[in-house]
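Note sheet for the following structure.
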Amino acid sequence: MKNNPQIKNFLDTGIRRFADRGIDGIKVDEICKEVGVAKSSFYHYFGSKTGFIDRLFDYWYEITHEDTISK
Numbered sequence: 002m003k004n005n006p007q008i009k010n011f012l013d014t015g016i017r018r019f020a021d022r023g024i025d026g027i028k029v030d031e032i033c034k035e036v037g038v039a040k041s042s043f044y045h046y047f048g049s050k051t052g053f054i055d056r057l058f059d060y061w062y063e064i065t066h067e068d069t070i071s072k
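Okay, here's the thing in structure tokens:
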């Protein structure tokens with residue numbers, strides 16, 4: 002996940018939006034506009050908004066537990 006800069010950009014944007022607006026603040030159109038790509042790229046990587054949210058929480062866990070995961 003971390004090796005693909007496009008996916009990381011989506012996820013970083015999603016984390017910021019979630020922190021600012023909560024789960025209802027995660028809008029596919031807005032995230033794609035902020036990232037600067039078509040919605041087709043979003044759906045290519047995540048399949049659906051639900052798939053994105055699942056990956057988003059996995060990503061959040063990875064970045065908040067990097068020290069414990071790598072040991």
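Counting with my numbering, you get residues 2 to 72 for the letters of the sequence shown. Note that the Cβ used here is the ideal one computed from N, Cα and C, for glycine as well. Quick caveat, the model's predicted, so the values are computed rather than measured.
- Between Tyr62 and Ile8, the C-beta spacing is not below 7 Å.
- By the neighbour-count criterion, in which a residue is buried when 16 or more other Cβ atoms sit within 10 angstroms of its Cβ, Phe58 is exposed.
- The residues Met2, Arg56, Leu57 and Tyr60, in chain order, have a CB closer than 8 Å to that of Leu12 in the same chain once the five nearest residues on each side in sequence are set aside.
- Linking Phe43 to Ala20 through their CA atoms gives a straight-line distance of about 20 Å.
- With respect to the 7 Å criterion, Glu35 and Thr51 are not classified as neighbours on the basis of their beta carbons.
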